[in-house]
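To keep things clear, I will list the structure first and then write my remarks on it.
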Amino acid sequence: MAQVGIVMGSDSDMPVMAKAADILEELGVSYEMKIISAHREPDVFFEYAKTAEERGFKVIIAGAGMAAHLPGMCAAIFPMPVIGIPMHTTSLGGRDSLYSIVQMPSGIPVATVAINGGANAGLLAAKILATSDDALLAKLKDYSAKLKEQVMAKDAKLQETGYREYPGK
Numbered sequence: 001m002a003q004v005g006i007v008m009g010s011d012s013d014m015p016v017m018a019k020a021a022d023i024l025e026e027l028g029v030s031y032e033m034k035i036i037s038a039h040r041e042p043d044v045f046f047e048y049a050k051t052a053e054e055r056g057f058k059v060i061i062a063g064a065g066m067a068a069h070l071p072g073m074c075a076a077i078f079p080m081p082v083i084g085i086p087m088h089t090t091s092l093g094g095r096d097s098l099y100s101i102v103q104m105p106s107g108i109p110v111a112t113v114a115i116n117g118g119a120n121a122g123l124l125a126a127k128i129l130a131t132s133d134d135a136l137l138a139k140l141k142d143y144s145a146k147l148k149e150q151v152m153a154k155d156a157k158l159q160e161t162g163y164r165e166y167p168g169k
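Following the working numbering, the numbering of the sequence shown begins with 1 at its first residue and continues without gaps.
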């Protein structure tokens with residue numbers, strides 16, 4: 001049974017939403033991924049959000065662009081945490097999506113990550129689940145340690161080569 005629902009309004013959101021799925025897979029967290037348009041198929045959307053709890057979801061990650069109603073509507077129906085991912089848009093660079101998701105009315109919170117922040121959404125979902133899962137918490141600590149090691153290796157390379165010779169400068 002999936003612990004996290006990953007839902008997006010369009011397949012154009014897939015590259016960003018896949019980053020959330022990749023993180024969850026790396027950490028061993030089960031998820032279900034769907035494409036559902038809150039505007040074009042409201043009946044399907046309402047059924048998804050209404051049944052998410054009984055299907056075992058503990059967190060929903062919802063990505064949306066432009067009007068970006070999907071995360072907020074999930075939060076209005078689903079009683080547990082919803083994480084919104086605002087999508088970059090060509091017209092307003094994702095600011096439209098960001099404002100739609102982050103400016104929720106009192107009583108209907110949506111945790112919101114950066115524009116196109118799929119990886120952080122996956123990590124935040126895992127951290128929420130880790131509050132009651134010690135094995136997952138240990139995996140998150142290992143993940144953080146790997147990030148630290150990567151930065152230390154980059155600095156060691158910089159110290160060795162100097163900034164003029166640093167790869168990718």
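Where a beta carbon is used, it is the ideal one built from N, C-alpha and C, also for glycine.
All figures in this text were calculated on a predicted structure; none of them were measured in a lab.
Within the model, the alpha-carbon separation for residue 67 versus residue 106 is close to 19 Å. Secondary structure note for residue 8: its beta strand (DSSP E) is the uninterrupted segment 4 to 8.
Apart from the 5 residues on each side of it in sequence, residue 19 sits with its Cβ closer than 7 Å to the Cβ of 118, 119, 122 in its chain, given in chain order.
Residue 82: member of the beta strand (DSSP E) spanning 82 to 86, first to last residue.
By the neighbour-count definition (other C-beta atoms within 10 Å, threshold 16), residue 159 is an exposed residue.
Nearest to residue 88 by alpha-carbon distance, out of 124, 101, 155, is 101. With 16 or more other CB atoms across the displayed protein chains lying within 10 angstroms of its CB, residue 97 is buried.
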